[in-house]
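Okay, so the sequence shown: first residue is 7 according to my numbering, each after it adds one.
For every residue, glycine included, the Cβ atom is placed at its ideal position computed from N, Cα and C.
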Amino acid sequence: MSKKITRRQAIKIVSGAVLLPLTGCSTQFEQGNKVVFAHGVASGDPDQSSVVIWTRISGLTKPIMVDWFVATDATFKHVVSNGIFNTDSSRDYTVKIIANDLEPGQTYFYKFAVADTISPTGQTQTLPVGHIEQLVLAVTTCSNYPFGYFNAYDAIAKDASVDLVVHLGDYIYEYGVEGFGGEIGQRIGRNHQPAHEILSLDDYRKRHAQYKTDKGSLAIHARHPLVVIWDDHETANNPWMGGAKNHQANEGSWEARRLASLQAYYEWLPVRDPIKASERANYWRHYKFGDLASLITLESRHTGRSKQISYSESLPDIQSVKQAQEFAGNVINAPDREMLSKEMQHFLKEELNESVSAGRRWRIIGNQSVMAKSIAPDLDDPILNNLKNELSLEKQQKLAERTHLGKYSLPSDLDTWSGYPAARERFYHIAKDANVQDLLVISGDSHSFWQNQLFDDNGQSMGVELGATGVTSPRSIMESLGGDIMLRFDELNTANNQEIIWSDGRHLGFIRLEVNHKGTHADYITVSNVESLTYNTQVLRSVDIINRDGLLQYE
Ligand SMILES: [Fe+2]
Numbered sequence: 007m008s009k010k011i012t013r014r015q016a017i018k019i020v021s022g023a024v025l026l027p028l029t030g031c032s033t034q035f036e037q038g039n040k041v042v043f044a045h046g047v048a049s050g051d052p053d054q055s056s057v058v059i060w061t062r063i064s065g066l067t068k069p070i071m072v073d074w075f076v077a078t079d080a081t082f083k084h085v086v087s088n089g090i091f092n093t094d095s096s097r098d099y100t101v102k103i104i105a106n107d108l109e110p111g112q113t114y115f116y117k118f119a120v121a122d123t124i125s126p127t128g129q130t131q132t133l134p135v136g137h138i139e140q141l142v143l144a145v146t147t148c149s150n151y152p153f154g155y156f157n158a159y160d161a162i163a164k165d166a167s168v169d170l171v172v173h174l175g176d177y178i179y180e181y182g183v184e185g186f187g188g189e190i191g192q193r194i195g196r197n198h199q200p201a202h203e204i205l206s207l208d209d210y211r212k213r214h215a216q217y218k219t220d221k222g223s224l225a226i227h228a229r230h231p232l233v234v235i236w237d238d239h240e241t242a243n244n245p246w247m248g249g250a251k252n253h254q255a256n257e258g259s260w261e262a263r264r265l266a267s268l269q270a271y272y273e274w275l276p277v278r279d280p281i282k283a284s285e286r287a288n289y290w291r292h293y294k295f296g297d298l299a300s301l302i303t304l305e306s307r308h309t310g311r312s313k314q315i316s317y318s319e320s321l322p323d324i325q326s327v328k329q330a331q332e333f334a335g336n337v338i339n340a341p342d343r344e345m346l347s348k349e350m351q352h353f354l355k356e357e358l359n360e361s362v363s364a365g366r367r368w369r370i371i372g373n374q375s376v377m378a379k380s381i382a383p384d385l386d387d388p389i390l391n392n393l394k395n396e397l398s399l400e401k402q403q404k405l406a407e408r409t410h411l412g413k414y415s416l417p418s419d420l421d422t423w424s425g426y427p428a429a430r431e432r433f434y435h436i437a438k439d440a441n442v443q444d445l446l447v448i449s450g451d452s453h454s455f456w457q458n459q460l461f462d463d464n465g466q467s468m469g470v471e472l473g474a475t476g477v478t479s480p481r482s483i484m485e486s487l488g489g490d491i492m493l494r495f496d497e498l499n500t501a502n503n504q505e506i507i508w509s510d511g512r513h514l515g516f517i518r519l520e521v522n523h524k525g526t527h528a529d530y531i532t533v534s535n536v537e538s539l540t541y542n543t544q545v546l547r548s549v550d551i552i553n554r555d556g557l558l559q560y561e
């Protein structure tokens, strides 16, 4: 961490660069950088010549000017860019700068200053051009504060080989202290703030602020650049264009809540703002890594998604296999059910075409929920029946709900792409139109690890999918019914689904992805503990993916 330096020293630091007046009122900041910069520093959304750098100034009630510096060395002898940023309450005292005119594929260091208080130093890098040998991504998702410490973030921060962190959403959760994870939060002293379910702009800002104080969060953001997409909980559980499962009529306007959540998101994360605030929801990107890889990120929550079909409303009317087949064919598979907006689909088509014509070796898709076809398994199984007998009646009831889906071969979760099969098929058509059948899809949301293969409805191979488990969020079966039932469920689910090679809902952690021209190596890495800061990591499983004649295979 950086130490306090004097105003005179700070001026010396920028010698060689354009000298700018250092700003602010020192009396306000005598408590030191941990107070002023309580939420650390972050960087992200890089391209070949620029990157977003971010911080937040705490404890203010008046506008303030913040100095910022970008250098090629950690001692800031070689400052290449610097300036002043004005922040105030209209943006919750967050500071976000696009540092421009940088060199491609270069490591940079950055920091901020208010008077003589200097922020911690952040490290970041721009995207490369030309030939590159290797890219290392750390893939994370589902960081729920009350469930535990973000030790997976800490582990990634300590891995110096990581080029970029990709967070696939559920960066915050919207629940109050009584919600998902609340009991554990009370036990380990990580209660959600504010205590109620977040609804207003002020609520969302406070929740982002709380998450940014986690030790692992401070470490990962200071150490690596971030590419982040939102899933559902950045606003509310299971949203679609017109509402969300966790938004009720007595919680005010859905549109106002959605806009408030997105405003706070752009304030608190190191991502580029849209030109017009009204276009905040249109959040999709294409990151290009020289001749090696494209990473295209999706928006599947607020710009195109049709309402989720509800099993609680539909299942009581399904009493036979024939009725279930009709329901799956006519209702779930209705051709107008959409996941991605028309603009997003257009962007995807253009950028996949660009990726192919540029000759990049890999096309990685940053995706929210699991894409592979996932039909609930039949849970009438001798091993599971034995385990079930040891459960309380209440817990047996929880499992019984899933038994109904398995009996009729219905999708496990209608909020995933399996609840939108026509939209998934359209996604594959867009890829095929661009001559792409080598999609390397990385997915979040599920609180499980996945190793999947992807096929379209004609059985053509479309690529592979790697699913990341939660940083702290557990799979609900695991949380409520325990590891033995989770293990058997994963085994039955894998046996029941052609596209699922392996899944694991018993662990927390992240995926480390090493991409080179010969292949992609993925490590599914677990953290042993999230209820204290003492943990270790283990590689639970490793897989290698190769591209053979434009099709992806596991080795
Ligand atoms: Fe999640």
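Secondary structure at residue i, three-state DSSP: helix, strand or coil?
i    : result
L557 : strand
K313 : coil
F35  : Per-residue confidence for F35 stands at a pLDDT of 47, beneath the threshold of 50, marking its modelled position as unreliable; no derived number is given.
G469 : strand
D550 : strand
H435 : helix
Q459 : strand
Y541 : coil
Y293 : strand
D220 : coil
Y114 : strand
G488 : coil
R369 : strand
Q351 : helix
I63  : coil
For residue i, which residues in the same chain have their Cβ closer than 7 Å to its Cβ, ignoring the five residues on either side in sequence?
i    : result
D463 : E431
G182 : H198, A201, H202, E203
V327 : Y414
G469 : Q443, D444, L445, L446, V447, L460, L558
N359 : A440
Could you pull out every residue in the same chain whose Cβ sits closer than 8 Å to the Cβ of residue i, ignoring the five residues on either side in sequence?
i    : result
R494 : D387, I389, L390, L393
G191 : Y151, P152, F153, V183, N197, H198
A228 : G46, V47, A48, P126, T127, G128, Q129, A163
Near residue i, which residues of its chain fall below 6 Å by C-beta distance, leaving aside the five closest residues on each side in sequence?
i    : result
A161 : T543
R291 : T303
N373 : L304, V447, S449
V101 : T61, V72, F91, T93
Y541 : N157, V533, S534, N535
S452 : V376, G473
Q457 : I507, W508, V549
Taking its Cβ as the centre, do 16 or more other Cβ atoms sit within 10 Å of residue i, making it buried, or is it exposed?
i    : result
E319 : exposed
L399 : exposed
H137 : exposed
Q443 : buried
R369 : buried
L232 : buried
G222 : buried
H435 : exposed
G296 : buried
N499 : buried
G187 : buried
A119 : buried
A364 : exposed
Q254 : exposed
I551 : buried
Tell me, which residues are paired with residue i by DSSP?
i    : result
M71  : N92
F516 : I531
T123 : V120
P280 : Answer is none; P280 lacks a bridge partner.
T478 : T478 is not bridged to any residue.
I506 : N458
I448 : G372, L472
Using beta carbons (cut-off 8 Å, strictly below), is residue i in contact with chain C?
i    : result
T303 : No chain C appears in this structure, which consists of one protein chain only.
Complete beta strand (DSSP E) runs within the stretch 165-209 (minimum length 3 residues, chain order): 170-173
What are the complete alpha helix (DSSP H) segments, minimum 4 residues, inside the stretch 314-347? 317-320, 327-332
Just to confirm the assignment: which complete beta strand (DSSP E) runs, minimum length 3, are found wholly within the stretch 227-272? 232-234
In chain order, each beta strand (DSSP E) run of at least 3 residues that lies wholly inside the stretch 371-442: none
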